[in-house]
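Its first residue numbered 0, the sequence shown is counted upward by one per residue in numbering that gives the first Met the number 0.
Heads up: the structure comes next, in structure tokens.
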Amino acid sequence: MQLSIQRIVIAALSAAVASVLLAAMIGAPDRSEAALLERGDGANVLIGEDDDNIDNPDIQPPGTVANQSLNNTDVLSSAAGNDVLIGLLGSDVMQGGRGRDIEVGGTEQGSQPNSDIMFGGPDNDTNIWAPGDGSDAFLGADGLDALVFGVIDKDANNVPTLSDPVPGFPKGVPTANVTGSPGFCTVERIEEPNSLNYDFLLRFFARASGALLVTIRVEDTEQVFCTSQAGGAITFANLTQDNPDFDEVSLGEVRDLNPDVRRIIR
């Protein structure tokens with residue numbers, strides 16, 4: 000399943016590259032390159048530009064009625080280094096490289112469905128999901144990979160803010176309030192045979208109403224951090240166990256479980 004999804008990502012990257020080359024040949028503005036962001040080695044911060052939409056004349060020629068855009072979708076790809084990838088609006092595709100990457104699909108739903116596909120790549124990676132974002136897929140690959148459910152700290156434009164520099168991340172990391180999140184999580188193992196081929200489904204429920212809001216699909220992911228059903232506490236699920244469930248943990252225990260996650264959450 001992972002290989003098939005990676006083929007989809009490769010196809011998306013190829014299509015985006017083709018559109019960039021075409022835009023360059025016809026003299027289009029540089030902003031058309033923002034839908035495809037690639038960075039080389041180093042500790043980079045990649046933020047989606049959300050410019051592949053009907054307001055961009057490079058994508059939507061004047062007088063065209065049908066929507067020719069990807070509805071703010073970005074493709075973010077990093078190389079070696081501890082990178083931070085932030086998708087914002089749109090159903091984004093993210094590919095982490097070597098290093099301890101942190102990926103944020105978005106911070107709010109927006110006017111279009113927002114379902115992101117994120118690949119961690121080698122080493123220990125972290126995916127942060129924020130209330131208001133859509134149903135995503137996170138494929139961690141090698142290393143100790145973690146999924147975090149929490150209210151991400153952001154600026155007035157809904158862009159996640161970064162902390163002061165921390166070990167391994169000289170530009171800082173996104174931060175999130177997990178103890179104060181407005182919902183709680185459950186975990187379901189996907190038994191074979193099934194039509195999805197992911198390992199687990201993580202479901203996020205609204206605390207006030209009990210309504211199911213979002214389902215996150217995960218593969219090759221070992222840890223999940225969420226909020227207690229009553230609120231005010233952090234819960235942890237170890238997906239390497241036969242029957243994982245959420246148990247309350249302290250911030251000190253979070254540090255022992257995953258130092259990068261401890262730098263992100265409170």
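Beta carbons: idealized from backbone N, C-alpha and C, even for Gly.
For clarity, every value in this text was computed on a predicted model and none was experimentally measured.
Residue i versus the options, residue with shortest Cα-Cα distance
i                 : options                          : result
aspartate 144     : Glu218, Ala34, Pro243 and Ile151 : Glu218
arginine 99       : Asn237, Leu88 and Asn123         : Asn123
threonine 72      : Gly80, Asp49, Ile58 and Ala129   : Asp49
phenylalanine 203 : Gly95, Ser76, Val150 and Asp54   : Val150
glycine 105       : Asp91, Gly96 and Ala155          : Asp91
asparagine 70     : Met117, Gln59 and Ile101         : Gln59
valine 158        : Glu107, Asp255 and Ile263        : Glu107
leucine 211       : Tyr197, Pro181 and Ile189        : Pro181
aspartate 163     : Asn156, Pro173 and Glu190        : Pro173
valine 248        : Cys225, Ile263, Arg262 and Ala78 : Cys225
tyrosine 197      : Gln94, Arg97, Gly139 and Gly209  : Gly139
alanine 229       : Arg206, Leu250 and Pro121        : Arg206
arginine 262      : Ala155, Asn237 and Phe168        : Phe168
Nearest-angstrom Cβ-Cβ length linking residue i and residue j, presumed shorter than 8 Å
i                 : j              : result
threonine 178     : glycine 119    : At roughly 25 Å, the Cβ-Cβ gap does not stay under 8 Å, so threonine 178 and glycine 119 are not in contact.
isoleucine 233    : valine 213     : With a Cβ gap of about 19 Å, isoleucine 233 and valine 213 do not count as contacting.
serine 68         : asparagine 52  : 5 Å
leucine 146       : leucine 200    : Their Cβ separation, rounded to whole angstroms, is 12 Å, which puts leucine 146 and leucine 200 out of contact at 8 Å.
valine 223        : threonine 125  : Wrong, their Cβ atoms sit about 11 Å apart, outside the cutoff.
isoleucine 101    : leucine 45     : 11 Å between Cβ atoms; not a contact.
phenylalanine 235 : cysteine 184   : No, phenylalanine 235 and cysteine 184 are not in contact; Cβ-Cβ is about 10 Å, not under 8 Å.
glycine 133       : asparagine 113 : 4 Å
tryptophan 128    : isoleucine 215 : 6 Å
Residue i - partner residues in DSSP beta bridges
i              : result
threonine 214  : Arg202
alanine 175    : Ile151 and Ile264
isoleucine 85  : Ile46 and Val103
alanine 129    : Note: alanine 129 sits in no beta bridge, so no partner.
asparagine 237 : Gln222
valine 186     : Leu201
threonine 116  : Correcting the residue identity first, residue 116 is isoleucine in this sequence and not threonine. For isoleucine 116, which the question treats as bridged, DSSP gives the partners Val92 and Ala136.
valine 248     : Ile233
alanine 145    : Thr125 and Gln222
Buried versus exposed call for residue i [16 or more other C-beta atoms within 10 Å across all chains shown]
i              : result
glutamine 240  : exposed
methionine 0   : Confidence at methionine 0 is low in this model, with a pLDDT of 46, below 50, so its placement is unreliable and the value that follows should be read with caution. Per the 10 Å Cβ criterion, exposed.
serine 194     : exposed
serine 227     : buried
asparagine 278 : For residue 278 there is no data in the structure shown, the boundaries of the chain being 0 and 265.
threonine 63   : exposed
glycine 142    : buried
proline 130    : buried
glutamate 221  : buried
asparagine 242 : exposed
asparagine 257 : buried
asparagine 156 : exposed
CB contact flag (residue i, residue j, <8 Å)
i             : j                 : result
valine 74     : alanine 136       : no
glycine 47    : glycine 80        : no
threonine 160 : lysine 170        : no
alanine 175   : isoleucine 264    : yes
valine 186    : phenylalanine 245 : yes
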